[in-house]
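Chemist: Line by line, the protein sequences are chains A and B.
Quick note: the first sequence, position 21, residue 21 per this note's numbering, numbers continuous.
Quick note: the second sequence, position 364, residue 364 per this note's numbering, numbers continuous.
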Amino acid sequence: MSQITIDAAGIHYTPLNKQIRQAVRDGASEIILKNVMGQRFIGDGLIGSVKIVIHGVPGGDLGMFMKGPTIEVFGNADHAPGNTMDEGTIIIHGASGDATAHSMRGGKVFVRDDIGYRGGIHMKQYLNKRPVLVVGGTAKAFLGEYMAGGLVILFRMKDEEPYAEMGLASGIHGGEIFIRGTVKEWTPGIGSTAQLASSEDIERIKPFIMEFSQYFNVDPSELLNSSYTRIAPVSARPFAGKYTWE
Amino acid sequence: MIIGSRPARFQVVVDKNQCMLCGRCVENCSYGVFRIEQDGIVTNTRNCVACHRCISQCPRDAITIMERPCDYRSHPVWTAQMKENIFKQAESGKILLGGMGNAAPYPILFDHLVLDACQVTNPSIDPLREPMELRTYIGKKPKQLEYIQTSDGDTSLITELTPNLKLETPIMIGHMSYGAISLNAHKAMAQAVSEIGTFMGTGEGGLHEALYPYQDRMIVQVASGRFGVDVHYLERGAAIEIKIGQGAKPGIGGHLPGEKVCADVSCTRMIPEGSDAISPAPHHDIYSIEDLKQLVISLKEATEWKKPVFVKIAAVHNVAAIAAGIARSGADAVVIDGFRGGTGAAPAVFRDHVGIPIEAAIAAVDTKLRKQGIRNEVSIIASGGIRQSADVAKAICLGADAVYIGTAALIAMGCRVCGTCYRGLCSWGIATQRPDLVARLHPDEAAHNVKNLIDAWTLELAELMGAAGINSIESLRGNRDRLRGYMLDQTMLDVLDVKAIGA
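#1: In terms of DSSP beta bridges, what is B:P347 paired with?
#2: Among the candidates A:K129, A:N128, A:Q125 and A:A95, whose CA atom is the shortest distance from the CA of A:Y117?
#3: What number of angstroms, rounded off, separates the C-alpha of B:N164 from the C-alpha of B:R46?
#4: By alpha-carbon positions, which one of B:K88, B:P69, B:Y106 and B:Q81 ends up nearest to B:I3?
#5: What span of residues does the beta strand (DSSP E) with A:I31 cover, start to end?
#6: Applying the criterion that 16 or more other CB atoms from any shown protein chain within 10 Å of the CB defines a buried residue, is A:S227 buried or exposed?
#7: Taking contact to mean 3 or more Cβ pairs, one atom from each stretch, closer than 8 Å, check whether the stretch 156 to 167 of chain A and the stretch 134 to 147 of chain A are in contact.
#8: Apart from the five residues on each side of it in sequence, which residues of its chain come closer than 8 Å, Cβ to Cβ, to B:I362?
#9: Determine contact between the stretch 442 to 458 of chain B and the stretch 41 to 57 of chain B, defined as no fewer than three beta-carbon pairs at a distance below 8 Å.
#10: Considering only C-alpha positions, which residue in the set B:H283, B:A281 and B:N85 is nearest to B:L96?
#11: Suppose you measure from the CA of A:E203 to the CA of A:G191; what does that come to, to the nearest Å?
#12: By the 10 Å Cβ neighbour count, where 16 or more other Cβ atoms means buried, how is B:C29 classified, buried or exposed?
#13: Terminal residues of the continuous beta strand (DSSP E) containing B:H175?
#14: Look up B:M66 in the DSSP assignment and say whether it is helix, strand or coil.
#15: Closer than 7 Å, Cβ to any Cβ of chain B: which residues of the stretch 184 to 210 of chain A, in chain order?
#16: Short of 9 Å Cβ to Cβ, which residues in the stretch 417 to 433 of chain B face chain A?
#17: Buried or exposed: where does B:T407 fall if 16 or more other Cβ atoms within 10 Å of its Cβ makes it buried?
#18: Can you tell me whether A:A101 is helix, strand or coil according to DSSP?
#19: Rounded to the nearest angstrom, what separates B:A320 and B:S279 at their Cα positions?
#20: Find the nearest neighbour of B:G197 within the set B:S275, B:P7 and B:A238, judged by alpha-carbon distance.
#21: Would the stretch 222 to 236 of chain A count as touching the stretch 167 to 183 of chain A if we require 3 or more Cβ pairs under 8 Å?
#22: Beta-carbon of B:A263 versus every beta-carbon of chain A: anything under 8 Å?
#23: When the distance is taken between beta carbons, is A:I52 closer than 8 Å to A:G43?
#24: Give the interface partners of A:K140 over in chain B, defined as CB-CB distance under 7 Å, in chain order.
#25: Helix, strand or coil: how does DSSP classify B:Q537 here?
#26: Could you tell me which chain B residues have their CB closer than 7 Å to the CB of A:G174, listed as they occur along the chain?
#27: Just to confirm, are A:N35 and A:A77 a CB contact at a threshold of 8 Å?
#28: Whose C-beta lies closer than 8 Å to the C-beta of B:E133 among residues of the same chain, with five residues either side of it excluded?
#29: How long is the line joining the alpha carbons of B:I63 and B:M20, rounded to whole angstroms?
#30: At the 8 Å Cβ level, is B:D285 part of the contact set with chain A, yes or no?
#31: Below 7 Å between beta carbons is the criterion; list the residues of the stretch 365 to 378 of chain B that meet it against any residue of chain A, in chain order.
#32: Given 8 Å as the limit, is there contact between the stretch 247 to 257 of chain B and the stretch 341 to 348 of chain B, that is, 3 or more CB pairs closer than that?
#33: Just tell me which of B:E204, B:C118, B:E168 and B:Y404 has its CA closest to the CA of B:A277.
#34: In this structure, does DSSP put A:P233 in helix, strand or coil?
#35: Check this for me: beta carbons of B:E463 and B:P127, under 8 Å apart or not?
#36: With the cut-off set at 8 Å, would you say B:Q221 and B:H175 are in Cβ contact?
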């Protein structure tokens with residue numbers, strides 16, 4: 001049960017990750033990284049239950065392939081945090097870049113502000129592994145494309161207009177997306193449907209609303225009392241009718 | 001509008017004088033061609049795909065299969081295939097899908113290249129009595145080695161070496177996923193490569209736990225679907241391969257149909273049973289050559305820089321420039337898959353019309369990397385249509401470090417290249433998940449065949465090298481002087497950087 005602080009100023013990501021792995025091997029339960037400035041791959045492939053607190057802006061692929069740890073970022077994150085992540089939690093007190101939660105297979109990613117393009121793209125689930133991406137702000141185009149499982153929730157806390165980004169969930173064949181408020185009728189991509197979420201649906205996402213509110217010190221009542229649009233696949237076999245045999 | 005029946009593609013005839021009504025054909029045909037009735041075996045010839053399982057099991061040679069028993073009017077442009085494709089698309093409005101590799105009659109460049117042998121002026125070597133070095137290392141080679149003198153007068157290497165794969169023969173088995181092919185097929189190949197001292201690819205289907213005993217001989221693949229990829233999977237592999245493209249279908253993704261996603265495949269791929277397994281066309285975290293570098297490094301960071309990382313691309317027009325980019329991405333090997341590469345299923349239009357042959361791609365990539373002084377940064381692994389040991393030798397002469405075989409390994413296990421892998425009914429137990437069919441392929445026996453094939457090719461390769469007076473594979477690599485082009489035009493000779501016969 002020990003806490004270790006690493007000053008990341010001027011350290012390249014490979015030695016930084018080595019120091020993190022060493023700290024985990026030495027039994028650290030919490031690692032505080034100070035002065036992080038764009039170092040990529042923090043927590044990449046890391047296994048265990050350590051908590052990593054990042055002060056600064058981590059670079060791309062934060063927590064990629066990660067299995068178990070919790071990463072809390074006090075700052076923004078770059079490209080693809082939670083990429084192909086397996087287990088654990090990433091909490092970002094800020095915004096994150098494109099392909100956030102790309103191909104994620106388990107664990108949770110919470111982003112306080114906005115995310116870039118292709119968020120939650122090709123997330124998938126298997127048995128008890130169900131990845132969750134919760135975003136306080138909004139998301140750019142191609143959110144949840146090719147989704148094969150998992151859950152994406154978009155609160156759009158600063159937006160009142162209907163969601164209006166193209167390619168929403170095109171090719172989705174598993175999982176679901178909740179967007180607070182409504183979406184423009186042209187946003188859902190091929191293979192997806194958008195419908196008003198039922199009270200049972202909202203009951204299902206309630207634990208994640210509560211968790212989000214707790215991390216970012218937000219009053220959950222407004223989020224709980226809002227209406228949501230649920231985007232879901234039309235079929236688990238989107239390409240079944242596209243081909244004929246030679 | 002009804003186009004009506006087309007002529008059956010095959011005619012199956014059972015010779016009643018030979019047939020002893022044992023019923024093995026009925027039992028063995030997974031496509032439902034045969035049934036026993038009172039007056040003997042009756043055939044539904046239209047169901048036949050010419051997989052020859054019946055012929056292989058018939059104790060009396062009673063079965064004959066003939067192709068195209070009923071002809072169309074012959075025509076050089078509007079061939080039977082062209083007409084039938086149009087019929088199918090006129091009826092369905094859909095994309096035509098086919099199994100196995102390129103089926104268009106392009107000339108095969110390997111067959112227009114001939115190898116050299118020694119006569120008089122320099123002696124050939126007999127591999128029976130001279131050592132032949134076929135051991136191959138895949139991975140980065142340092143540009144130079146730096147040593148220091150230690151205090152006790154010894155020298156010590158200070159250059160940091162990167163991990164390489166050590167192959168006892170420059171022949172590996174390429175990536176065919178569990179899902180596309182059966183677990184018994186995977187087990188057989190894994191056993192064979194382990195015994196030989198070479199490697200095989202997992203394909204994009206994850207690594208089944210039955211293969212864990214062979215994990216040191218497996219190259220684990222990370223493709224755009226990221227199926228079965230977690231940190232343990234990465235740690236298990238001897239190397240990691242990022243699949244960008246495939247020779248049989250450059251530029252497009254893959255869809256394993258839900259029918260093939262059974263309980264075991266679902267577990268290995270980590271997706272729900274019966275769901276389509278969709279690999280998007282690009283990796284959605286790689287939209288540029290800089291992003292590729294990020295994925296390469298992320299895999300190295302995740303595995304603490306202990307594993308070589310390969311990048312596999314389809315051979316396309318600008319393959320050399322793309323490979324040069326890959327060589328600068330930190331990757332340890334570039335795998336080039338030519339347009340004759342196999343597949344379980346691909347749109348026929350891609351399979352037959354997109355990409356370039358492996359021979360030209362190897363030559364172009366090797367030349368480009370040498371010109372840029374970065375040939376040592378990556379090994380070149382060539383695949384796609386390697387049919388025999390001569391192709392291996394020629395590929396190495398053109399500049400490859402090693403080859404991947406795919407279809408040839410399947411043929412060693414009984415595959416007849418019937419091209420209907422996508423039906424999931426493979427009577428040989430290779431491209432199927434149906435338990436009764438999979439059980440037909442005995443892993444130990446099939447492993448023996450695959451090992452025999454690679455052993456035989458390795459022996460032939462040693463003989464070819466010996467005949468050329470070469471005793472190390474290193475001296476064959478990129479040795480285009482030992483090739484000559486036969487009936488190739490000057491442009492092609494220039495691309496291959498090979499002289500014409502007699503020159």
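Note that beta-carbon positions come from the ideal geometry of N, C-alpha and C, so glycine has one too.
Remember, it's a predicted structure, so these values are computed and weren't measured experimentally.
Modeler: With the given structure in hand:
#1: Paired residue(s): B:L97.
#2: Among A:K129, A:N128, A:Q125 and A:A95, the Cα nearest to that of A:Y117 belongs to A:A95.
#3: About 51 Å.
#4: Selected option, being the one with the closest Cα: B:K88.
#5: A28 to M37 is the span of the beta strand (DSSP E), which, as asked, contains A:I31.
#6: Exposed, since its Cβ has fewer than 16 Cβ neighbours within 10 Å.
#7: Proximity of the stretch 156 to 167 of chain A to the stretch 134 to 147 of chain A meets the contact definition, three or more beta-carbon pairs being nearer than 8 Å.
#8: I336, I380, A382, A395, L398, G399 and A400, listed in sequence order.
#9: When Cβ pairs closer than 8 Å are counted between the two stretches, the stretch 442 to 458 of chain B is seen not to touch the stretch 41 to 57 of chain B, the count staying below three.
#10: Among B:H283, B:A281 and B:N85, the Cα nearest to that of B:L96 is on B:N85.
#11: C-alpha separation (whole angstroms): 25 Å.
#12: By the 10 Å Cβ count, B:C29 comes out buried.
#13: Taken as a continuous stretch (DSSP letters only), the beta strand (DSSP E) holding B:H175 covers I171 to H175.
#14: Strand.
#15: Residues are counted here when their Cβ sits less than 7 Å from a Cβ of chain B; for the stretch 184 to 210 of chain A the count is zero.
#16: The residues in question are G419, T420, Y422 and R423.
#17: By the 10 Å Cβ count, B:T407 comes out buried.
#18: Here A:A101 sits in coil by DSSP.
#19: Here the alpha carbons of B:S279 and B:A320 stand approximately 25 Å from one another.
#20: Ranking B:S275, B:P7 and B:A238 by Cα distance to B:G197 puts B:A238 first.
#21: Counting Cβ pairs under 8 Å, three or more are found: they touch.
#22: With 8 Å as the cut-off, B:A263 does not count as an interface residue toward chain A.
#23: Yes, the Cβ-Cβ distance between A:G43 and A:I52 is below 8 Å.
#24: Near A:K140 there are no residues of chain B at all, since even the closest Cβ is about 13 Å away, more than 7 Å.
#25: Absent from the structure is residue 537 of chain B, since the part of chain B shown begins at 1 and ends at 503.
#26: A:G174 reaches chain B at P272 and S275, counting residues in chain order whose Cβ is nearer than 7 Å.
#27: No, Cβ-Cβ distance for A:N35 and A:A77 is not below 8 Å.
#28: Only N471, S472, I473 and E474 meet the Cβ criterion.
#29: When rounded, the distance between both Cα atoms is 12 Å.
#30: Judged by the 8 Å Cβ criterion, B:D285 is in contact with chain A.
#31: Cβ contacts with chain A come from no residue of the stretch 365 to 378 of chain B.
#32: With the cut-off at 8 Å, the stretch 247 to 257 of chain B and the stretch 341 to 348 of chain B touch.
#33: The shortest Cα separation from B:A277 among B:E204, B:C118, B:E168 and B:Y404 belongs to B:E204.
#34: It is a strand residue.
#35: Taking 8 Å as the Cβ cut-off, B:E463 and B:P127 qualify as a contacting pair.
#36: In this structure, B:Q221 sits near B:H175, with a CB-CB distance shorter than 8 Å.
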